[in-house]
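Peer 1:
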Amino acid sequence: MLLAAAPVAAAEPDARALYRLHCGGCHGQVLEGGLAEPLIKSDWRFGRDGFSVESNIRHGIPGTDMPGYVGELSDEEMAALVELIYSLQTEAVWIAKPLPPVVETEHYTLRVEYLATDELENPWGIEFTGPSEALISEDAGYLLRYRDGTVDPERITGLPAVDLATSTGGLMDIALDPDHAENGWVYAAISHSEDPDDRYARGLTRIIRGRVDGNRWRDTEYLFRLDPGYHLPDSKHWGGRLLFDRDGFLYFSIGDMSAAMNSQDPAMPSGKVFRIRPDGGIPDDNPFAGEDGPRGGDELNLLVKGRNYGWPVVTFGVNYDGSVISDRTHADGIEPPVVEWTPALAVGPIEFVASPAFERWRGDLLVGSLSFEELRRLEIDGGRVTRQELLFKGHGRIRDIRTGPDGAIYLLLNNPGALVRLTAVGSAAR
Ligand code: HEC
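Take 4 as the starting number for the sequence shown in the working numbering and just add one per residue.
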């Protein structure tokens, strides 16, 4: 190609000049920090992935002095700034540093063991099938088996195809039937798209169950699969969490599929938490309840049958484009959150601690975050969060949290993919 012939209008944005003009005053002329933190670093507080970094530049960061540049810089200029920031990093920006072997917390010294790294890419959910055995879902659409401290690299395949064109979908959470030992049923949430190669194709989350037989998934049954009429385009925010309650009902979440307002429409499936019988049957007293996380204003809600959690009519969040989603943070008929986080933590998994090995955390809620890469412990009293402790931050996205049959706390991490076991080695007085 003849460079001299290229039209002037198509010139690449001069990222260094843009940086010096708009950013250097706070972050330092060579990204070394000044009024604000350095931008060459490993501890990205507000997300290290390209989407988060760009979104922080575009909209600013609520609660800090970081201004938003929407309207001031073009999309190309912001993309060029992200590229410049990435190109100047001295460490691989995508890969978080591993946790140290020991983490001090208020009540416990935690021993950290990495049980598997190479075998895992983007693990999503873990379920224990025996005293020292578990199944792990991988977003690419297969399961792996954990046994006695290691993950078997041999894949369990044969699940229905998942949509991988969007970075947020795939094979998501898994759950075991309450009678799994007898009937073998494993439940899974998958992102279904009408065209798995098209990022903007229509689709919707599906819930399936099947059985694992050696390294094959068999007997697939669809428990939640709606007509294409309910499919939504530009699919993101699939939801995909599964949970059985004590009465044997299966709960699952369907995200807002990038169409927030549908969450308030009881006739639309998105932005809801559903409850079904394990065979897919619908309980007579079937409830409706909506929730989701915008940019800022992630909420922890106490789920009560049929209640409305407000999204997006009532929220603390602003849209990813910076506009205020709602000026209302509470309203009649809408459940207020138990706790609210701004900027949004990108709340991922949660797990109540009931392990005798963590007696002092009994009844506390562990909360993992994706883009902020945080593990938090919430003390809860009478349905309110009374205290929060940040246990650690910056060691990868926290995708799942599970108490093992051995009483240890197991974490699935992304970027890099890992299975981590936390045990208490000592304790400080309360
Ligand atoms: C008025 C000061 C100011 C200016 C100007 C500014 N920032 Fe920031 N920026 C901040 C502050 C404050 C934070 C919050 C963290 C901190 O204290 O450094 C932040 C955070 C960030 C983060 C998130 C860092 C993380 O740890 O996740 C990124 C990325 C960022 N800024 C990029 C930019 C870019 C690119 C520009 C120029 C287009 C810019 N900033 C201009 C003050 C500023």
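Note that the Cβ used here is the ideal one computed from N, Cα and C, for glycine as well. Predicted model only: the values in this text are computed from it and were never measured.
1. Excluding the 5 residues preceding and the 5 following GLN92 in the sequence, name in chain order all residues of the same chain whose CB lies nearer than 7 angstroms to its CB.
2. At a threshold of 6 angstroms, does THR67 count as lining the ligand HEC (C-beta to nearest heavy atom)?
3. Could you pull the start and end residues of the alpha helix (DSSP H) that ARG486 belongs to?
4. Check the C-beta distance from LEU118 over to VAL423 and give it rounded, since I have them as a contact under 8 angstroms.
5. Terminal residues of the continuous alpha helix (DSSP H) containing ASN186?
6. Report the partner residues of GLY50 according to the DSSP bridge assignment.
7. Which class does PRO297 belong to by DSSP, given the choice of helix, strand or coil?
8. Among ARG209, GLY386, ARG405 and LEU373, which one has its Cα closest to the Cα of ASP230?
9. Let's see if you can read the secondary structure: which residues bound the alpha helix (DSSP H) around VAL85?
10. Going along the chain, which unbroken runs of the beta strand (DSSP E) with 3 or more residues stay wholly within the region 214-264?
11. Are the beta-carbon atoms of SER194 and TRP241 separated by less than 7 angstroms?
12. Pull up the distance between the alpha-carbon of PHE395 and that of GLY232, whole angstroms please.
13. Taking only heavy atoms of the ligand HEC into account, decide whether any of them is closer than 6 angstroms to the Cβ of ASN418.
14. Kindly indicate the opening and closing residues of the beta strand (DSSP E) around GLY27.
15. Helix, strand or coil: which one does DSSP assign to TYR203?
16. So, with DSSP's three-state summary, where would you put PHE375?
17. Beta carbon of TRP127: closer than 6 angstroms to some heavy atom of the ligand HEC?
18. Quick check on the DSSP output: the beta strand (DSSP E) that includes GLU392 runs from which residue to which?
19. Which parts of the region 142-169 are runs of the beta strand (DSSP E), unbroken and 3 residues or longer, counting only runs that do not cross its ends?
20. At which residues does the beta strand (DSSP E) containing THR93 begin and terminate?
21. Buried or exposed: LEU416, going by 16 or more other Cβ atoms within 10 Å of its Cβ?
22. The beta strand (DSSP E) that contains ASN125, what's its start and end?
23. Within the chosen definition, does the region 372-379 reach the region 45-63 through at least 3 CB pairs nearer than 8 angstroms?
24. Nearer than 6 angstroms: is that true of the beta carbon of ILE60 relative to any heavy atom of the ligand HEC?
25. Cβ of ILE177 within 7 angstroms of Cβ of ALA191?
26. State the Cα-Cα distance for the pair TYR89 and PRO103, rounded to the nearest angstrom.
27. Under DSSP, the beta strand (DSSP E) around SER113 begins and ends at which residues?
28. Using only the alpha-carbon positions, how far apart do ARG19 and ALA95 sit?
29. Can you name the start and end residues of the beta strand (DSSP E) that ASN417 belongs to?
30. Mind reading off the beta-carbon distance from TYR72 to HIS25? Whole number of angstroms is fine, and I expect it under 8 angstroms.
31. Taking only heavy atoms of the ligand HEC into account, decide whether any of them is closer than 6 angstroms to the Cβ of ASP423.
32. Would you call the CB atoms of LEU393 and ARG379 closer than 7 angstroms?
Peer 2: Looking at the atomic coordinates:
1. Sequence-distant partners of GLN92 (beyond 5 residues in either direction) whose C-beta falls short of 7 angstroms from its own C-beta, in its chain, are ILE43.
2. It does: the Cβ of THR67 is within 6 angstroms (strictly closer) of some heavy atom of the ligand HEC.
3. Limits of the chain in this structure are 4 at one end and 433 at the other, which puts residue 486 out of reach.
4. Beta-carbon to beta-carbon, LEU118 and VAL423 are separated by about 7 angstroms, close enough to satisfy the 8 angstroms threshold.
5. 183-186 is the extent of the alpha helix (DSSP H) around ASN186.
6. DSSP lists no partner for GLY50.
7. Only weak support is given to the placement of PRO297: the predicted model assigns it a pLDDT of 40, under 50, and the value that follows is read from those uncertain coordinates. Here DSSP, grouped into helix, strand and coil, assigns PRO297 to coil.
8. Distance from the Cα of ASP230 is smallest, within the candidate group ARG209, GLY386, ARG405 and LEU373, for ARG209.
9. Note, VAL85: alpha helix (DSSP H), 78-90.
10. Segments of the beta strand (DSSP E) lying fully in the region 214-264: 219-227, 242-247 and 253-257.
11. Taking 7 angstroms as the Cβ cut-off, SER194 and TRP241 qualify as a contacting pair.
12. Spanning the two alpha carbons is a distance of roughly 44 angstroms.
13. No.
14. Counted as a single uninterrupted DSSP element, the stretch harbouring GLY27 is not any beta strand (DSSP E) but the alpha helix (DSSP H) occupying residues 27-30.
15. Collapsing the DSSP output to three states places TYR203 in coil.
16. Coil.
17. No.
18. 387-396 is the extent of the beta strand (DSSP E) around GLU392.
19. Fully enclosed beta strand (DSSP E) runs of 3 or longer: 145-150 and 153-159.
20. No beta strand (DSSP E) holds THR93; DSSP gives it neither H nor E.
21. The residue is buried, with at least 16 neighbouring Cβ atoms inside 10 Å.
22. First-last for ASN125: undefined, no H or E at that position.
23. They touch, by the three-pair rule.
24. Answer for ILE60: yes, Cβ within range of the ligand HEC.
25. In contact: ILE177 and ALA191 (Cβ atoms closer than 7 angstroms).
26. Roughly 25 angstroms between the two C-alpha positions.
27. Reading off the sequence shown, one finds Leu at residue 113, where the question assumed Ser. Unbroken beta strand (DSSP E) run through LEU113: 111-119.
28. It is roughly 21 angstroms from the alpha-carbon of ARG19 to the alpha-carbon of ALA95.
29. That run of the beta strand (DSSP E) goes 412-417.
30. HIS25 and TYR72 do touch by the CB rule: their CB atoms are close to 7 angstroms apart, below 8 angstroms.
31. Note that residue 423 is Val in the sequence shown here, rather than Asp. VAL423: no, Cβ never under 6 angstroms from the ligand HEC.
32. Taking 7 angstroms as the Cβ cut-off, LEU393 and ARG379 qualify as a contacting pair.
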